[in-house]
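A short write-up of the structure that comes next.
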DNA sequence: GTTAGCACTCGTGCTTGTTGAGTGCTAACA
DNA sequence: TGTTAGCACTCAACAAGCACGAGTGCTAAC
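Residue numbers (the working numbering), protein chains in the order written: chain A, 1 to 342; chain B, 343 to 684.
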């Protein structure tokens with residue numbers, strides 16, 4: 001059995017309705033809709049077919065039908081018509097974003113806020129992989145006896161810091177000149193290329209070997225760790241509780257637990273290919289706690305070589321249309337704001 | 343009517359039981375407890391008195407009694423006996439904390455995690471007021487045409503950054519020497535004293551007036567704003583959902599909404615006096631969403647002049663004993679870790 | 001191919017009855 | 001005079017029974 005024009009039409013109507021109401025959809029409801037000129041009985045026959053084909057589920061005999069995950073897949077791949085955001089909305093989102101752009105660390109955080117406000121779902125933003133960022137500046141600051149704070153400024157102004165130990169008796173001036181030297185040697189190199197640069201430095205080491213070795217180690221450990229908790233920002237975590245899918249406290253708790261595990265989120269948001277928008281529906285994203293969720297992701301650029309991910313997590317019956325529009329827009333906006341610092 | 347020895351004993355037993363079970367406590371239950379040698383009937387008489395005095399509430403006629411907020415107040419002020427943490431626990435917490443102490447920005451975050459894990463409640467940590475921190479280092483880094491990133495390293499290694507605009511044609515070298523000058527002039531001054539220092543600098547300005555003015559403005563704006571979202575860290579937000587008090591999704595949502603508003607949290611955790619531990623029970627902390635919550639706070643030191651706050655938010659029937667012990671211990675531990683960088 | 005009609009299913013919400021934990025009161029006891 | 005046993009009373013929680021109605025599947029007529 002194949003899907004003909006009418007089955008598509010009816011399936012789409014069902015999904016549209018279910019996305020709005022979260023209630024099983026009956027044949028009468030569809031029949032009454034404008035654009036569908038058939039009686040409930042006819043719709044029923046078609047629905048029966050669609051169920052057999054795996055596009056619809058029936059919670060129980062006397063309830064309406066509910067779209068299956070397979071149906072959502074079809075919907076986002078073929079059925080869905082894209083909607084445009086109003087200029088007003090675009091403007092509001094953009095303004096919110098640039099308002100914070102004076103404080104670099106705040107941009108991503110406020111972007112997450114904008115995303116979750118605009119969609120009413122939960123948003124997640126993952127900062128670019130550390131290794132791909134380019135070093136702008138390295139500074140060692142004495143903070144205690146035999147200890148210094150190493151501050152690395154990268155493009156996009158992202159600042160990473162770590163405490164390293166320094167040799168006995170090394171004073172501020174010495175650290176200052178080492179900082180200058182490091183900045184000179186490492187400027188514009190991506191963090192992941194730092195190992196090579198250091199190897200070279202260490203070979204003709206006029207500077208203290210142990211200090212450099214220590215510094216290198218810190219940088220490498222940071223790279224290995226693959227970023228820390230502050231690299232994954234969640235917006236509107238409580239938004240999910242608005243939806244009947246998560247009106248059960250237990251499910252809600254499990255969902256929130258996933259949001260707390262930044263590592264899981266980072267993995268969850270890792271993107272498959274280069275396509276602009278990626279959609280994962282229900283069990284497609286493995287985690288049982290997210291079985292009733294879909295994750296839609298897009299990416300943003302920082303400079304020429306780094307990309308980060310922004311995404312929306314909502315119920316499988318989310319408003320894909322709108323979510324996609326918002327993500328596309330925000331992806332561009334974020335790229336603009338974060339790439340203005342060359 | 344006054345509270346005699348026996349009333350205290352019974353009230354304490356009721357509160358202890360209710361803290362464990364969250365179920366209204368009946369006279370039989372108390373009668374069976376070791377240490378209370380009275381029959382249910384006697385207990386009932388006393389309970390009736392305690393209710394009249396406002397220490398107990400009765401959800402409905404045929405239910406047991408529930409401690410009132412007044413009772414909790416009495417409990418934490420007089421009845422409660424303090425418990426000691428086991429050495430094992432102390433060690434575990436301490437280890438977790440110092441494990442992260444190589445990455446300064448992570449210490450507070452991981453402390454919040456330790457707190458919420460150890461208590462099973464929600465934890466909040468507020469960083470010290472920016473103004474009280476002392477400047478260790480100022481660095482201007484060119485990031486774009488006519489734009490620089492200003493990085494301020496303070497004691498405790500806390501790094502603040504902001505983008506400022508710079509005059510046309512100013513190059514990296516020039517920024518470098520200005521940075522050096524600024525560091526020299528501002529080192530060891532608290533951020534709130536920066537205005538004066540700048541006034542002086544501007545008077546005998548051998549350096550670019552506009553740049554300095556801009557820089558000052560950025561610092562002041564930061565101080566005024568009173569800290570941003572990253573200064574308030576929440577641990578284990580979902581922990582509260584474990585308790586029947588918040589098994590209603592609506593209440594849970596309202597609670598989580600409070601946690602998202604960092605400004606509200608900052609206010610909520612602001613501490614009254616200098617006492618070591620402050621406890622606010624139920625409506626004492628204004629917000630309706632937190633009517634069934636208590637907030638217990640302690641403070642930690644950073645250097646000699648700055649203090650931050652760490653706190654636990656849990657149901658009013660929380661285990662005050664344990665929470666207090668944990669907060670006291672962690673307050674000391676955090677102070678130690680964060681004050682090692684002089 | 002479409003649709004009206006009808007018997008059937010089954011979750012939801014309401015009522016009713018039962019149970020049991022817990023109370024307050026009274027009277028007897030030490 | 002303080003304590004306790006006894007007993008009638010209350011009321012939430014749970015279960016059973018019932019009516020309702022939304023929705024289905026099937027059949028037969030158009």
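Ideal Cβ positions, reconstructed from N, Cα and C, are used throughout, including at glycine.
| Item | Value |
| --- | --- |
| Run down chain A in chain order and give the residues with a C-beta less than 7 Å from the C-beta of residue 495 of chain B. | 141, 149 and 151 |
| Would you report the Cα separation of residue 96 of chain A and residue 86 of chain A, rounded to the nearest angstrom? | 16 Å |
| Between residue 280 of chain A and residue 261 of chain A, is the Cβ-Cβ spacing less than 8 Å? | no |
| How should residue 379 of chain B be labelled, buried or exposed, when 16 other C-beta atoms within 10 angstroms of its C-beta is the threshold for buried? | exposed |
| With C-beta atoms as the reference, is residue 344 of chain B less than 8 Å away from residue 144 of chain A? | no |
| Taking Cβ positions, are residue 666 of chain B and residue 424 of chain B nearer each other than 8 Å? | yes |
| Let's test the definition: count the other Cβ atoms within 10 Å of the Cβ of residue 586 of chain B and tell me whether it reaches 16, buried, or not, exposed. | exposed |
| What's the gap between the Cα of residue 608 of chain B and the Cα of residue 468 of chain B? | 7 Å |
| Alpha carbons only, please: which of A:84, A:180, A:57 and A:106 is nearest the one belonging to residue 338 of chain A? | A:106 |
| Unbroken beta strand (DSSP E) runs of length 3 or more, entirely within the segment 452-490 of chain B: which are they? | 464-468 and 477-486 |
| Going straight from the alpha carbon of residue 436 of chain B to that of residue 573 of chain B, what length do you get? | 22 Å |
| Report yes or no: do the segment 282-298 of chain A and the segment 315-334 of chain A share at least 3 C-beta pairs separated by less than 8 Å? | yes |
| With a 10 Å radius around its C-beta and 16 neighbouring C-beta atoms as the bar for buried, classify residue 563 of chain B as buried or exposed. | exposed |
| Give the DSSP-derived three-state secondary structure of residue 704 of chain B in the structure shown. | Limits of chain B in this structure are 343 at one end and 684 at the other, which puts residue 704 of chain B out of reach. |
| Can you name the start and end residues of the alpha helix (DSSP H) that residue 331 of chain A belongs to? | 320-339 |
| Where does residue 426 of chain B land, buried or exposed, given buried means 16+ other C-beta within 10 angstroms? | exposed |
| Kindly list the residues whose CB is nearer than 7 Å to the CB of residue 73 of chain A, restricted to its own chain and excluding five residues on each side of it in sequence; keep chain order. | 281 |
| Mind listing, in chain order, the continuous alpha helix (DSSP H) runs of no fewer than 4 residues lying wholly within the segment 27-111 of chain A? | 27-32, 40-52, 69-74 and 87-99 |
| Measuring alpha carbon to alpha carbon, tell me which residue in A:258, A:310 and A:10 is nearest residue 39 of chain A. | A:10 |
| With 8 Å set as the bound, which would you pick, yes or no: does the beta-carbon of residue 306 of chain A sit closer than that to a beta-carbon of chain B? | no |
| For my contact list, residue 576 of chain B and residue 466 of chain B are in at a C-beta cut-off of 8 Å; report their separation, rounded to the angstrom. | 5 Å |
| Between which two residues does the alpha helix (DSSP H) harbouring residue 177 of chain A extend? | 172-186 |
| Can you give me the Cβ contacts of residue 29 of chain A inside the same chain, cut-off strictly under 8 Å, excluding the 5 residues immediately before and after it? | 17 and 64 |
| From the beta carbon of residue 555 of chain B, is the nearest beta carbon of chain A less than 8 Å away? | no |
| Run the CB neighbour count on residue 396 of chain B, radius 10 Å, all protein chains shown included, and call it buried at 16 or more, exposed below. | exposed |
| Whose Cβ in chain A lies nearer than 8 Å to the Cβ of residue 475 of chain B? | Result: empty, since nearest Cβ-Cβ is about 13 Å, beyond 8 Å. |
| Nearest chain A C-beta to residue 589 of chain B closer than 8 Å, yes or no? | yes |
| Nearest-angstrom Cα distance between residue 275 of chain A and residue 212 of chain A? | 41 Å |
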